[in-house]
Structure formats: C-alpha cells, structure tokens
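Visitor: Pasting a structure below so you can have a look.
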Amino acid sequence: MEGIDCKMRNLYRNIELELDKVKYNDLWAEFFRTEFAIYNKTKVFFKSGEIPYDKRFLGNTSIDYNGSNLAIWYTENPSQEDSRELASNIIHEMFHSYQITNNEVRFPDDLKGLDYPMDLKNYEIKYKENILLVEALNSSDRNIKYNILKEIISLRMLRLRKYGDIIKYEFAIETIEGSAEYCGTKALRDISKELYDRRIENYKKILTEDISIIFNVRKICYYTGVLFLFLLEELDIPFTREISGQNEYIFEEISDKNGYDIVNIDDIKSLQIEKYFREYINEREKKFGDFFNKSFVKHKGNFYICGYDPMNMIKQEDKILCSHFIVIMDKVSKKRLFLNGPVVVKLKKGTSNHVVEYYSKAY
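Numbering (our numbering), first residue to last: 72 to 434.
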C-alpha cells in the first residue's frame, strides 16, 4: 500500500509541475488556478497531506470541500497516468470551480435532459452539424469557415423550432462543459503542443467517425462545445466571458449576433445514422428488459433525486435506469440513500426528480 501512496504523491507533484506551465488568464479572462485533489478507493491526496477516502469524493468534478471549491480526479493506477493529460483534465474541473465561484446558473438539467427527443431526423440533422463543424475547422479559408458557421447556426435553430426548448439542453452542456474543456484543451497547448494537436484531431474524429456517440447527448456536447469555441476563436468572433449574471447560453449569443437562414432539411438523410438509431433504441429496451427479467426488490417511498451520474442514466417512460449510482433523499426524514447501480427509480407522473419507487437487485 505504501508503494501506491508514494506513486500517488509523485503523480500529484508531477501534475503541479505541468500546472505551473499554464497561463490561466490567457485561457479565459480572470480564470485562476484553484486547489485540486486526486484520490483512489482508499485515500485522497492534497497538496499537503492526505485523508482516508470518503463518499464526498465521487467522480471527476468540482466539490464543496470544507467551504471551498475543490477540483477532484479519480486515479486508480497512478503509474499509468500521463501527468500532462491529467493536468489538462484537472484544469477542466478547476474551471467548474471558477464557474461556481462566479455564481454560474446555466448548468444543464440532466434529469429533464433524459426526455431528449428520440427522433431519427433530429439525430440526422445533428450529425450533419457535426460534419460541418469539422469541415469549418479543417478549412483554411476564413469565408468558408464563416459560411459554414452560419449553416450550423441555421440547422440548430431549425431543430430548436421543431423540437422545442429541450434542444437547449445541448446549449447548456456546451456552455458549461464545452467552456471547461476549452480551457483544459487550451492549457494542453501550453503543456504539450503535440498532445494538444493529437487531442483536437481525436475530437474531430469522434464527431465524424464515432457514430454511436451521437446518441449520448451529454457526452457528445463536450466535443461539439469545445470545437465550437475553437471555431469562434479562429474567426475572431467574441462571446461573453463574464459568468456572473449571465442567463444566455453561448450558442444563443452567437446566433443572435450572427443571424441564421431558413434551411431545407428534406435532403438530410443518413443510412448510417438510421442503422445506429435502431440499434440504440433496441439496446435501451434490452437494458431495461435485462434488469427486470432478473430478481429485484421494489421499495416504495417519497424521495427526490439529489445526486447522480449523468453519463450513465437512461429513461423509459417514467423509469430511470442508473447503471452506476443514484442518490435519493427521503422527503420526510431527509435521510440520504446512496444506491449502487444497477438500480431503477420510478418517477411521480409529471415530475423529473420525485421518486415514488425504486428497484434494486435481489442478492
């Protein structure tokens, strides 16, 4: 165990050395370096000292730790980590600390986001937008870049009119996560130009070649969000960097300033997207079927959801399947229940976070 502790401590020091290379104010005006911790299943490592692991440390994020915002990152195998990549990822989480400190209010509502439209045409258009975004970034012609940007805006605004405000779930993720990833990736440019170039090319490849990821809206918006901001940077198109008091999403601001056209979507079809869409729908149904075809225990009550893993949840009608975990609180006793996945919660009709039943595996 001492060997692991020593490796974790060395990794922490190496991350600090990489963080020292970064010009934080150049990433985002008034952004500054904040405290961070790395942790494993037994210990949490800070700049000075460590503590035993506890359940406050969950995922890779920013948490309230003793009244201050703390960027945290889970590291199981410290000897396999690249401290340069990890420093970039931690800056992503530091930016979340910065957002919280500046009273950011534009966070996505992931529970409402589970009602994102399961509509083939929506995904076909969205995939077209992603292809265009990569084309714009690959072009060396400024006019072509700008014209493609206008086309992307036009397609998105069409989807917003067609499907309603649920499309703004994408805008919210891009504003919060896209800007954090933008800062983390720009920091990588200070740390290692080679790793920066490799990451940008990888993100482009994800948008154009990893077809199945388009159905994971929360995840893909990390990539569209960061690449959209790099396109704005290349075109010298400004957007509001101030966070406090802002209610408008970055994409909304850009669309308002640059305008959009009415576009025809009749010709936007993709046999690839249709194939993966059918598989995605079948896989969702299979996951619910697999859960309920095995022994489970039903628990009734009156709870609300107070913690979850947004990357590992799917919804079917009034039920949410959480493959990782979910945290619910009893509305009367205020007692929190940490439920390890797989677990299914049933919602009260017309609500997005009021749980009336949950189903756990029978052991």
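Using N, Cα and C, we set each Cβ at its ideal position, and we do this for glycine too.
What is the rounded straight-line gap between the Cα of residue 342 and the Cα of residue 411?
Guide: The residue given as residue 342 occupies position 271 in the sequence shown. The residue given as residue 411 occupies position 340 in the sequence shown. One C-alpha to the other measures close to 38 Å.
Visitor: Do residue 284 and the ligand GDP come close, with the Cβ less than 7 Å from some heavy atom?
Guide: Looking for the ligand GDP in the displayed structure turns up nothing, as the structure carries no ligands at all.
Visitor: Assign residue 249 to buried or exposed, taking buried as 16 or more other Cβ atoms, counted over all protein chains shown, within 10 Å of its Cβ.
Guide: For this step, residue 249 is matched to residue 178 along the sequence shown. Counting Cβ neighbours within 10 Å, residue 249 comes out buried, since at least 16 surround it.
Visitor: How far does the beta strand (DSSP E) with residue 428 in it extend, from its first residue to its last?
Guide: For the purposes of this step, residue 428 is taken as the residue at position 357 of the sequence shown. Start and end: 425-432.
Visitor: Taking three-plus beta-carbon pairs below 8 Å as touching, is the segment 367-381 in contact with the segment 210-221?
Guide: Too few Cβ pairs lie closer than 8 Å, so no.
Visitor: Which residue's Cα is closest to the Cα of residue 397: 383, 324, 101?
Guide: Stepping through the sequence shown from its first residue, residue 397 is reached at position 326. The shortest Cα separation from residue 397 among 383, 324, 101 belongs to 383.
Visitor: Cα separation between residue 84 and residue 429?
Guide: Reading the sequence shown from its first residue, position 13 is the one you call residue 84. Reading the sequence shown from its first residue, position 358 is the one you call residue 429. So the alpha carbons of these two residues sit roughly 43 Å apart.
Visitor: Is the segment 119-139 touching the segment 186-195 in the sense that three or more CB pairs, one from each, lie closer than 8 Å?
Guide: Counting Cβ pairs under 8 Å, fewer than three are found: no touch.
Visitor: Please identify the residue among 134, 74, 330, 284 whose C-alpha is closest to the C-alpha of residue 150.
Guide: To locate residue 150, count along the sequence shown from 1; it is residue 79. Out of 134, 74, 330, 284, 74 has the C-alpha closest to the C-alpha of residue 150.
Visitor: Determine the closest residue to residue 253 out of 297, 409, 174, with distance taken between C-alpha atoms.
Guide: Translated into positions along the sequence shown, residue 253 becomes position 182. The candidate whose alpha carbon is nearest that of residue 253 is 297.
Visitor: If you run the structure through DSSP and keep just helix, strand and coil, what is residue 100?
Guide: Stepping through the sequence shown from its first residue, residue 100 is reached at position 29. DSSP places residue 100 in coil when its eight states are reduced to three.
Visitor: Is residue 311 buried or exposed, if buried means 16 or more other CB atoms sit within 10 Å of its CB?
Guide: Taking the sequence shown and counting its residues from 1, one reaches residue 311 at position 240. Exposed is the call here.
Visitor: Take residue 115 and list the residues in its own chain whose beta-carbon comes closer than 7 Å to its own, dropping the five residues that flank it on each side.
Guide: Here residue 115 corresponds to residue number 44 of the sequence shown, with the count starting at 1. Excluding positions up to five away in sequence, the list reads 108, 121, 122, 124, 128.
Visitor: Quick check on the DSSP output: the beta strand (DSSP E) that includes residue 133 runs from which residue to which?
Guide: In the sequence shown, counting from the first residue as 1, residue 133 sits at position 62. Residue 133 -> beta strand (DSSP E) spans 132-136.
Visitor: Need the endpoints of the alpha helix (DSSP H) that residue 370 sits in, please.
Guide: Residue numbering aside, residue 370 sits at position 299 when the sequence shown is read from its first letter. Segment 367-379 is the beta strand (DSSP E) holding residue 370; no alpha helix (DSSP H) there.
Visitor: Can you name, in chain order, every residue of its own chain whose Cβ lies under 8 Å from the Cβ of residue 110, other than the five neighbours on each side?
Guide: As a first step, residue 110 must be located in the sequence shown, where it is residue number 39. Excluding residues within five positions, the ones whose Cβ falls inside 8 Å are 116, 124, 128, 143, 144, 145, 146.
Visitor: Beta-carbon within less than 6 Å of residue 210's beta-carbon, same chain only, minus the 5 sequence neighbours each way: which residues are those?
Guide: Translated into positions along the sequence shown, residue 210 becomes position 139. Contacts found: 216.
Visitor: Determine the contact status of residue 325 and residue 224, defining contact as a CB-CB distance below 8 Å.
Guide: Taking the first residue of the sequence shown as 1, we reach residue 325 at position 254. Taking the first residue of the sequence shown as 1, we reach residue 224 at position 153. Contact: yes.
Visitor: Should residue 31 be labelled buried (16 or more other beta-carbon atoms within 10 Å of its own) or exposed?
Guide: It is not possible to answer for residue 31, since the shown part of the chain is limited to 72 through 434.
Visitor: Does DSSP put residue 385 in a helix, in a strand, or in coil?
Guide: Along the sequence shown, one-based indexing puts residue 385 at 314. Correct three-state label for residue 385: strand.
Visitor: Applying the criterion that 16 or more other CB atoms from any shown protein chain within 10 Å of the CB defines a buried residue, is residue 96 buried or exposed?
Guide: Taking the sequence shown and counting its residues from 1, the one referred to as residue 96 is at position 25. It counts as exposed.
Visitor: Indicate the three-state DSSP secondary structure (helix, strand or coil) for residue 320 in the structure shown.
Guide: Here residue 320 refers to the residue found at position 249 of the sequence shown. Coil.
Visitor: Bridge partners of residue 401, per DSSP?
Guide: Your numbering for residue 401 matches position 330 in the sequence shown. DSSP output for residue 401 lists 374 as bridge partner(s).
Visitor: Hey, which unbroken runs of the alpha helix (DSSP H) at 4 residues or more fall wholly within the segment 235-261?
Guide: Listed in chain order, they are 239-244.
Visitor: Out of 395, 175, 194, 414, which has the shortest C-alpha to C-alpha gap to residue 291?
Guide: Counted from its first residue, the sequence shown places residue 291 at position 220. The shortest C-alpha separation from residue 291 is found at 194.
Visitor: Is the Cβ-Cβ distance between residue 158 and residue 262 less than 8 Å?
Guide: Against the sequence shown, residue 158 aligns to sequence position 87. Against the sequence shown, residue 262 aligns to sequence position 191. Closer than 8 Å, so yes.
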